[in-house]
Ligand SMILES: CC(C)(COP(=O)(O)OP(=O)(O)OC[C@H]1O[C@@H](n2cnc3c(N)ncnc32)[C@H](O)[C@@H]1OP(=O)(O)O)[C@@H](O)C(=O)NCCC(=O)NCCS
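Residue numbers (the numbering used here): 23 to 398.
Here's what the structure looks like:
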């Protein structure tokens, strides 16, 4: 192919993909100074002007000429906004990479650009599949890929590399026959207030309180799956991985915070939302910081969440039909939270709740149905 003559211009009316020109060197160079860009991509650091010159006047034109990489400038509101490229393609499978100038982010530009590029991969280049890869933690990129229909996300330990350092990466793909629409739910964490508490997303600054709560003797006794000892880095990891839970549609976790001080008092989650057989159920799980126990805080937290769990997905809820809450026999405080919220004890699984000392307790199952809740 000839560059730039044969570079197809792709547009959806809002975003246009076109051949790069030398005028893009300056804004591309500026974009690559962004620390976010440097963290999540493999560009050289420090990023010099000559890197932008060589990429746009040598690497990109040669990619088109040799049929090995197809890179476009992304144009939005009449100016250069970023770059997107398709690469490889051998055997009908190739990869996509992208980056956007910081001032343009958050307007849906990359989602539009990605859809244009993958359609070209299928219709123009005849590919069967496009692969998206990102370093673990790059939720902006993951969300773009999810919105454009990429699916089957897996984590590959040490699969990525940047400037000589191995990193864990996420990989997802999109096939020629797949719809360019999100698959599964990406839950958000709406805020709720009432009864002197606020339910909000967990923050990095909650780590200390999480560590105190989870290393507490009673938490450790009833939740035997917790790391033991529970260190600050376990708390930090817990907070970080809540995003993964939500992005994968598995569950949603809230911090229970004091309404006045915003200090973390506990944690409540609704999880197992991707049950293989029945996607209308959800399980409630929780723990409290020891200094906040005995004040009915968890009862209030669960009460605040029930309407959200039963609300249809189209209205911003979790679309559940049945909520389950499980408590080890003997954990009367936990059973009380279920009963105070109108859950019914529907069964006891024998020796089903592992204890840290290697023994097992019976496990009480409580449930609440959307119908009976609505009829109250
Ligand atoms: C990834 C990137 C291209 C996204 O561009 P963009 O135009 O902002 O993308 P979009 O607006 O189409 O979508 C971004 C979505 O991610 C969301 N998002 C952004 N940061 C997020 C975060 N930290 N956690 C969760 N979601 C996040 C945005 O809210 C938006 O979702 P919404 O439209 O539903 O609100 C841009 O952030 C970027 O250039 N990053 C640096 C380079 C990079 O990471 N490239 C990809 C390497 S794999």
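The C-beta atom is built at its ideal place from N, Cα and C for all residues, glycine as well. Bear in mind that the values here come from a model prediction, so they are computed numbers and not experimental data.
Is it the case that the Cβ atoms of residue 383 and residue 350 are separated by a distance below 8 Å? yes
How is the alpha helix (DSSP H) around residue 326 delimited, first residue to last? 319 to 332
Using 7 Å as the cut-off, classify the Cβ of residue 120 as near or not near the heavy atoms of ligand 1, replying yes or no. yes
Where residue 96 and residue 135 are concerned, what is the direct C-alpha to C-alpha distance, given to the nearest angstrom? 7 Å
List the endpoints of the continuous alpha helix (DSSP H) containing residue 76. 71 to 76
In the DSSP assignment, find the beta strand (DSSP E) that holds residue 251 and state where it starts and stops. Unbroken run through residue 251: none, as it is neither H nor E.
Taking one C-beta from the region 290 to 298 and one from the region 244 to 259 each time, how about it: are there three or more such pairs within less than 8 Å? no
Looking at residue 91 and ligand 1, is the gap between the Cβ and the nearest heavy atom below 7 Å? no
Tell me which residues share the same chain as residue 110 and place their Cβ nearer than 7 Å to its Cβ, disregarding the 5 neighbours each side in the sequence. 116, 117
Reducing DSSP to helix, strand and coil, say where residue 138 ends up. helix
What number of angstroms, rounded off, separates the C-alpha of residue 3 from the C-alpha of residue 77? There is no way to answer for residue 3, as the model of the chain reaches only from 23 to 398.
Residue 65 - DSSP class collapsed to helix/strand/coil: coil
For my contact list, residue 221 and residue 327 are in at a C-beta cut-off of 8 Å; report their separation, rounded to the angstrom. 7 Å
Compute the Euclidean distance between the alpha carbons of residue 307 and residue 396, then round it to the nearest angstrom. 22 Å
Is the Cβ-Cβ distance between residue 347 and residue 362 less than 8 Å? no
Compute the minimum distance between the beta carbon of residue 102 and the heavy atoms of ligand 1, and state whether it is under 7 Å. no
From which residue to which residue does the beta strand (DSSP E) around residue 291 run? 286 to 293
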